[in-house]
Amino acid sequence: MVNNSAKVIAASALVTVGLLSTISGAQAHPKYPQYNMVSEGFPSTVDWESSRAVTPHVVEKVVFACEAQGDGKYATVEKVVRETMDPDHYPVYTSEDISSSYGLNGEPMMVWTATLPSNHPDGSYIPESRCYTVSARLTNLSYAFGLVTPEQVAQIGESSLAGKVNGERVIFISHDPEDASSENVIFTLKPDNARKPATTLTQFQIGIAGSAAAGIGGPDLSVEEMPPIIE
């Protein structure tokens, strides 16, 4: 269950693999050039495939991608990817979209259209920056709490509330309705959605659960109010 006292630290992973093969004078193995078969004393009949094979490291996880819609809008889309790290094969790092195996069809969870004012030196929060920021925030929340399937990620919605921070209506993560702060905000609502925070919260809960039939409570929504949230 999501711990309401946890502070999420944004994390990113960058896998870098380099092969340095400046071997001169002696025969080098074509796949593992760092081993000089003469100077290291390896017999010419060594089975390199079995002696040096590395078990691939495979991870499946939920990510929230920000995707351009081609009309100036951006959308947050929930996906499940299978990441494989296999030093014995090229490419060493691969990522495969397996969302359909988990019942996700690539439909947007949130569509970003509004520009919000900001005191930040870089200016207003435009749809593109809002999309990338919130998508990354949701991905980091999932990672920080160890939520790796859509069913588990639905806990973020279950632990989300509508509140106010710095005079703005927000959706935030906590079990305490009085605990809204800049540290646990998921996203700030545009004026239209700020006038109906309970409905927007339910839209978010349904959207992040990946299905309207996920057992999310709250008021019944009309077809027009079903996800995606138009922000």
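Using the numbering used here, you'd call the opening residue of the sequence shown number 1 and step up by one each time.
By construction, the Cβ of each residue, glycine as well, lies at the ideal position given by its N, Cα and C atoms.
Distance between residue j and residue i (C-alpha atoms, nearest Å)
{"i": "residue 32", "j": "residue 229", "result": "With a pLDDT of only 36 at residue 32, under 50, the local geometry of the prediction cannot be trusted, and the value read off the model is given with reservation. Cα to Cα, the separation comes out at about 51 Å."}
{"i": "residue 227", "j": "residue 152", "result": "19 Å"}
{"i": "residue 68", "j": "residue 137", "result": "18 Å"}
{"i": "residue 91", "j": "residue 203", "result": "39 Å"}
{"i": "residue 207", "j": "residue 88", "result": "39 Å"}
{"i": "residue 205", "j": "residue 222", "result": "15 Å"}
{"i": "residue 128", "j": "residue 66", "result": "8 Å"}
{"i": "residue 210", "j": "residue 155", "result": "12 Å"}
Residues bridged to residue i (per DSSP)
{"i": "residue 164", "result": "169"}
{"i": "residue 95", "result": "83"}
{"i": "residue 185", "result": "172"}
{"i": "residue 147", "result": "DSSP output for residue 147 lists no bridge partner at all."}
Sequence-distant residues of its chain with Cβ nearer than 6 Å to residue i (five each side left out)
{"i": "residue 108", "result": "75, 77 and 228"}
{"i": "residue 193", "result": "200"}
{"i": "residue 64", "result": "76, 78, 135, 138 and 139"}
{"i": "residue 132", "result": "66"}
Beta-carbon contacts of residue i that lie in its chain and below 8 Å, excluding the five residues immediately before and after
{"i": "residue 170", "result": "162, 163, 164, 180, 185, 186, 187, 188 and 189"}
{"i": "residue 201", "result": "160, 161, 162, 171 and 218"}
Sequence-distant residues of the same chain with beta carbon closer than 7 Å to residue i, five excluded per side
{"i": "residue 46", "result": "At residue 46 the pLDDT is 47, less than 50, meaning the model places this residue with poor confidence and gives no usable figure here."}
{"i": "residue 56", "result": "84, 85 and 86"}
{"i": "residue 118", "result": "124 and 125"}
Whole-angstrom C-beta distance between residue j and residue i, which should lie under 8 Å
{"i": "residue 225", "j": "residue 110", "result": "With 8 Å as the limit, residue 225 and residue 110 do not qualify as a contact, their Cβ atoms being about 14 Å apart."}
_Validate contact between the stretch 145 to 162 and the stretch 101 to 108 using beta carbons, cut 8 Å, 3 pairs_ = yes
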